[in-house]
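J.: Chains as they are written, first to last, in the working numbering: chain A, 1 to 344; chain B, 1001 to 1344; chain C, 2001 to 2344.
Just so it is clear, CB atoms sit at the ideal spot from N, CA and C, and this is done for glycine as well.
Source: prediction; values computed, not measured.
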Amino acid sequence: MSKTNPGNFFEDFKVGQLIEHATPRTVTEGDRAVYGSLYPTRFAIPSSAQFAGSVGLSPHPVEELVAFHIAFGKTVPDISLNAVANLGYAECRFHHPVTPGDTLTTRSEVIGLKQNSNGKSGVVYVRSTATNQRGETTIDWARWVMVHKRDPDAPAPETVVPKLAAFVAPGDLVVPPGLDFTRYQYGAAGEPHRFDDYEIGEKIDHVDGVTLTDAEHQQATRLWQNTAKVHFNIESRPDGNRLVYGGHVISMARALSFNGLANAQLIAAINAGAHTAPAFAGDTIYAWSEVLDKAETPVPSVGALRLRLVATKGRDESMTLKGEDGKYAGGVLLDLDLWAFVPR
Amino acid sequence: MSKTNPGNFFEDFKVGQLIEHATPRTVTEGDRAVYGSLYPTRFAIPSSAQFAGSVGLSPHPVEELVAFHIAFGKTVPDISLNAVANLGYAECRFHHPVTPGDTLTTRSEVIGLKQNSNGKSGVVYVRSTATNQRGETTIDWARWVMVHKRDPDAPAPETVVPKLAAFVAPGDLVVPPGLDFTRYQYGAAGEPHRFDDYEIGEKIDHVDGVTLTDAEHQQATRLWQNTAKVHFNIESRPDGNRLVYGGHVISMARALSFNGLANAQLIAAINAGAHTAPAFAGDTIYAWSEVLDKAETPVPSVGALRLRLVATKGRDESMTLKGEDGKYAGGVLLDLDLWAFVPR
Amino acid sequence: MSKTNPGNFFEDFKVGQLIEHATPRTVTEGDRAVYGSLYPTRFAIPSSAQFAGSVGLSPHPVEELVAFHIAFGKTVPDISLNAVANLGYAECRFHHPVTPGDTLTTRSEVIGLKQNSNGKSGVVYVRSTATNQRGETTIDWARWVMVHKRDPDAPAPETVVPKLAAFVAPGDLVVPPGLDFTRYQYGAAGEPHRFDDYEIGEKIDHVDGVTLTDAEHQQATRLWQNTAKVHFNIESRPDGNRLVYGGHVISMARALSFNGLANAQLIAAINAGAHTAPAFAGDTIYAWSEVLDKAETPVPSVGALRLRLVATKGRDESMTLKGEDGKYAGGVLLDLDLWAFVPR
Chain A
1 MSKTNPGNFF EDFKVGQLIE HATPRTVTEG DRAVYGSLYP TRFAIPSSAQ FAGSVGLSPH
61 PVEELVAFHI AFGKTVPDIS LNAVANLGYA ECRFHHPVTP GDTLTTRSEV IGLKQNSNGK
121 SGVVYVRSTA TNQRGETTID WARWVMVHKR DPDAPAPETV VPKLAAFVAP GDLVVPPGLD
181 FTRYQYGAAG EPHRFDDYEI GEKIDHVDGV TLTDAEHQQA TRLWQNTAKV HFNIESRPDG
241 NRLVYGGHVI SMARALSFNG LANAQLIAAI NAGAHTAPAF AGDTIYAWSE VLDKAETPVP
301 SVGALRLRLV ATKGRDESMT LKGEDGKYAG GVLLDLDLWA FVPR
Chain B
1001 MSKTNPGNFF EDFKVGQLIE HATPRTVTEG DRAVYGSLYP TRFAIPSSAQ FAGSVGLSPH
1061 PVEELVAFHI AFGKTVPDIS LNAVANLGYA ECRFHHPVTP GDTLTTRSEV IGLKQNSNGK
1121 SGVVYVRSTA TNQRGETTID WARWVMVHKR DPDAPAPETV VPKLAAFVAP GDLVVPPGLD
1181 FTRYQYGAAG EPHRFDDYEI GEKIDHVDGV TLTDAEHQQA TRLWQNTAKV HFNIESRPDG
1241 NRLVYGGHVI SMARALSFNG LANAQLIAAI NAGAHTAPAF AGDTIYAWSE VLDKAETPVP
1301 SVGALRLRLV ATKGRDESMT LKGEDGKYAG GVLLDLDLWA FVPR
Chain C
2001 MSKTNPGNFF EDFKVGQLIE HATPRTVTEG DRAVYGSLYP TRFAIPSSAQ FAGSVGLSPH
2061 PVEELVAFHI AFGKTVPDIS LNAVANLGYA ECRFHHPVTP GDTLTTRSEV IGLKQNSNGK
2121 SGVVYVRSTA TNQRGETTID WARWVMVHKR DPDAPAPETV VPKLAAFVAP GDLVVPPGLD
2181 FTRYQYGAAG EPHRFDDYEI GEKIDHVDGV TLTDAEHQQA TRLWQNTAKV HFNIESRPDG
2241 NRLVYGGHVI SMARALSFNG LANAQLIAAI NAGAHTAPAF AGDTIYAWSE VLDKAETPVP
2301 SVGALRLRLV ATKGRDESMT LKGEDGKYAG GVLLDLDLWA FVPR
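1. Measuring straight from C-alpha to C-alpha, what distance separates A156 (chain A) and G119 (chain A)?
2. How should K350 (chain A) be labelled, buried or exposed, when 16 other C-beta atoms within 10 angstroms of its C-beta is the threshold for buried?
3. Write down the C-beta distance between R1315 (chain B) and G1209 (chain B) rounded to the nearest angstrom, noting that I regard them as a contact closer than 8 angstroms.
4. With 16 other CB atoms within 10 Å as the buried threshold, where does R1183 (chain B) fall?
5. Please classify S2117 (chain C): is it buried, with 16 or more other beta-carbons within 10 angstroms of its beta-carbon, or exposed?
6. If the criterion is Cβ atoms closer than 8 angstroms, does the pair V98 (chain A) and P61 (chain A) meet it?
7. If I follow the unbroken alpha helix (DSSP H) through G36 (chain A), where does it start and stop?
8. For the region 2032 to 2052 of chain C against the region 283 to 295 of chain A, do three or more pairs of beta-carbon atoms, one drawn from each stretch, fall closer than 8 angstroms, so that the two count as touching?
9. Identify the continuous alpha helix (DSSP H) that holds R254 (chain A) and give its terminal residues.
10. Kindly provide the ranges of any beta strand (DSSP E) runs that are 3 or more residues long and lie completely inside the region 54 to 138 of chain A, ordered along the chain.
11. Counting only beta-carbon atoms, is I2270 (chain C) nearer than 8 angstroms to chain B?
12. On a Cα-Cα basis, can you pick out the residue from C:A2274, C:A2279, C:R2194 and C:G2240 that is closest to A2264 (chain C)?
13. Looking only at its own chain, which residues have a Cβ that is under 6 angstroms from the Cβ of T28 (chain A), when we skip the five neighbours before and after it?
14. What is the DSSP secondary structure of V1230 (chain B), reduced to helix, strand or coil?
15. At least one CB of chain B closer than 8 angstroms to the CB of Q17 (chain A): is that the case?
16. If the cut-off is 7 angstroms on Cβ atoms, which residues from the region 2207 to 2233 of chain C count as contacting chain B, listed in chain order?
17. Just tell me which of A:D239, A:G323, A:A274 and A:R344 has its CA closest to the CA of L305 (chain A).
18. With DSSP collapsed to three states, give me the class of D153 (chain A).
19. Mind listing the chain E neighbours of V123 (chain A)? Cutoff is C-beta to C-beta under 8 angstroms, in chain order.
20. Roughly how many whole angstroms lie between the Cα atoms of S2037 (chain C) and E216 (chain A)?
21. With distances taken from CA atoms, which of C:R2242, C:E2296, C:P2298 and C:T2075 is nearest G282 (chain A)?
22. In this structure, how does DSSP classify E199 (chain A) when only helix, strand and coil are distinguished?
23. Whole angstroms is fine: what's the gap from E11 (chain A)'s alpha carbon to N271 (chain A)'s?
24. Per DSSP, what kind of secondary structure is H1217 (chain B) in: helix, strand or coil?
25. If the criterion is Cβ atoms closer than 8 angstroms, does the pair L261 (chain A) and I204 (chain A) meet it?
26. Grab the span of the beta strand (DSSP E) containing G2187 (chain C) for me, first residue to last.
27. I believe E1091 (chain B) touches L1164 (chain B) by the beta-carbon criterion, under 8 angstroms. Please report the beta-carbon distance rounded to the nearest angstrom.
28. So if I threshold CB-CB distances at 9 angstroms, which residues from the region 241 to 266 of chain A count as touching chain B?
29. Compare the Cα-Cα distances from W144 (chain A) to each of A:H69, A:Y286, A:H231 and A:A274 and report the closest residue.
30. Considering just the uninterrupted stretch of the beta strand (DSSP E) at A1311 (chain B), what are its terminal residues?
31. Looking only at its chain, what residues have a beta carbon closer than 8 angstroms to the beta carbon of K294 (chain A), apart from the 5 residues adjacent to it on each side?
32. In chain A, which residues lie with their C-beta within 9 angstroms of the C-beta of I1204 (chain B)?
33. Is the beta carbon of D335 (chain A) less than 8 angstroms from the beta carbon of R308 (chain A)?
34. Determine the extent of the alpha helix (DSSP H) in which P2046 (chain C) is found, giving its start and end residues.
35. Kindly indicate the opening and closing residues of the beta strand (DSSP E) around N1271 (chain B).
36. CA-CA distance, L212 (chain A) and I285 (chain A)?
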């Protein structure tokens, strides 16, 4: 019997099924450094233990996306090794900051299945939860992917499509214990803009661009133990290109967004996300944001901004998301809807 | 007088000579992270401090190959800077797990010399020992390399060819103190296969492939302070290619072998190794393994598998090591014979 | 109002102006590892906590250039985002070793301004100081850059050109507290040469070369949170090349200088520096040094060598700095004048 893991196919999933993902992963200060070498990140909290301590976060947390990519990477061998496409995210909440020394484990529950009309593939909905070594939930999220069937003749399961919120309600956001922006140092953080300075509907061009290389996106993706072969193997795609992991584009856009959103210090939730076009080495990634909503939190010094973070291939100073046909504009690579905590 | 190190030539070595290699090197959590960004490693012990602790290993060891590459890299400036070829390894044993904070020092003894019949080069045999800051042996191994003569007219030394074991006897394997697989978590480790599930003669195709880049193999090789110029300098070879460090192929193959050998958690020994063809950026590396032998250890929950780990350029689903002519098959890059500890 | 930072232009600077740079940055063991993967560094002090302790440095400091690049990178968004050219450094002193856990903050004072005769740009002189979380000065230096004017019609400021020392006087060098080379281990450090073995006027060819890649110089530059767009974005220069950060060439040359200057363990000061030609991926970097001066220090076991460290594109065995026309020789990329501490 073969000992290698062929991954799960559509007919292998059952609604209600629980999957414990291998391998638990301990976060270290090394992850912070490698992350900082791969993305132009400058947010003051993950950059400085002193700054983090001054807003109540000690020990020094790593960037939320470090934890997200690790937690997400764990699910790939079981959920999306045979995926045709990563269709969406929803209801992703960051519950507890992750600090070096924490060990993350991810579990998933299958919460929906819908076979495609062609009979060759189907959509799998899972809710995944990452916990630390103390059993605390650090992140949870829902995700749906289109997965190949092994056997096109396998019978279709009963269709179950879960109801997922269009966005995380402000009241459901989790302010990290101890977070207090009362003595926030705007000079050290890099920008003066606070909660009240942002208006709903405002768009921010993050200006800078980064040209991708294969070595860098491979290193990032490996760091998360993400094994999807299209990212690493030129023989896995007819065009001989290595597809850039969608999360690499997310982290690049988030880092670029410092320029204009330096005080959007912590990602509180990811409401939705769409990878609208593939990215490859040689592409130059830019980003812009739109303020979608604003909300108070139980902590008076902490506000929440709901932001649309858009990554584009090539700079689009017009910041156009969709054309008149309702389709994403040509250069758009990522449309991510998130909540971030900012000082008020 | 020139102050730069020209390396040793064949006539500089004497049987019995002891060489203390520069530079001692402290292992850190940063090494674990960089290693994880360069190789698709997912073995549960080096990945998770919690998992490691659950099998008796605390503090959290780094992968055996991290220590091996560091220890080996130290020997390059003295032993193989003027090497024509790295001919082989033998009797490599891992004595003591290496954890962040350990400082490794390597010493070598020349144990054999044999001038080639052309008079222009010769084979140097050394036994090298890496110790930690407490003076404990962490790794030792024998290695032989073909080294240029500085002066073709230098007289040939007396030929001394050491007797080296074809493989490390199972009774000589060192089970790390405290290692106990009694409560081994197969779900967390990623695969259900244990000692009894592997049969002598069984072959395992590890399926996945990784396309090499220059940036990545250079970073890996530098991390080990390995200074062999062919890895870094396009002007050092007529074809303008940077030769990939053989150890990069070893680590890549070991990481790929997770898929089918996820529970071969710890490398106990390297019995023999041959780099059978050069690798370059753009090559896509695959791996397969063959179970050569099985052995019990003094710890009832710990078994040892003797494995042939083969790296190939391009995938060979037939897993052919040698052709009918007895020569290595076309795509074979590495033929490594090792012992690994697995749960019983 | 735009929230993105356009950087300062020439007319935005005033003599006496104080600038607190974002973002404070905590140094970690991860930085040591990433640095070691990007540069072929082997100096025994930053390599080994044991060796560092044996010469009185504990906890284990990182390389001086790690701290320099971080401290320098902080100034880029405020000082040189709109720079035409980085013209020079002077009076750079290393006051206090930086160890993992230290958080660095950089402040600058504008100490000079001189508009160019074309009216379109001017030279800005700043003195920058990096301090750790205890408020101790770790590095300070002067630097001058040519910066674009936003508005060519903005009036010229009064010309103020600060007097800067041609080199740091030996008596102003700061020996790190506790440093004592009395029991220096030359074998472990890699070379036998000590203070008395170096002669003023002596040149040392460091022999080895490294071919640059885009991925590696980008990672290095990002690690320092240096945001100058020319290093990352192929769309920012007409030739489509990513310009290599000058500090990358400095670190590469410094690491290569191990071969011949292995005991020049600590950089004490940078007297002057000129980036004389641009470097790009594909260039192969070599280095040579010239001993410019020697000096005693208050610690009898510690001497200081004043060294010219020259990086070249392609190897120049003649070690020619300038041609008969007084201009830098063709391949010269970097002319750096520094003081280093060596055992006597």
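T.: This is what the structure gives:
1. 8 angstroms
2. It is not possible to answer for residue 350 (chain A), since the shown part of chain A is limited to 1 through 344.
3. 6 angstroms
4. exposed
5. exposed
6. yes
7. E29 to L38
8. no
9. G246 to L256
10. 83 to 94, 103 to 115 and 121 to 131
11. no
12. C:R2194
13. P100
14. helix
15. no
16. V2207, D2208, G2209, V2210, T2211, T2213, A2215 and E2216
17. A:R344
18. coil
19. Protein chains in the displayed structure are A, B and C, and chain E is not among them.
20. 13 angstroms
21. C:R2242
22. coil
23. 28 angstroms
24. helix
25. yes
26. No beta strand (DSSP E) holds G2187 (chain C); the alpha helix (DSSP H) holding it covers Y2186 to A2189.
27. 6 angstroms
28. R242
29. A:A274
30. V1302 to K1313
31. F195, Y198, I200, G303, A304, L305 and R306
32. S2, K3 and T4
33. yes
34. A2044 to S2047
35. L1266 to H1275
36. 7 angstroms
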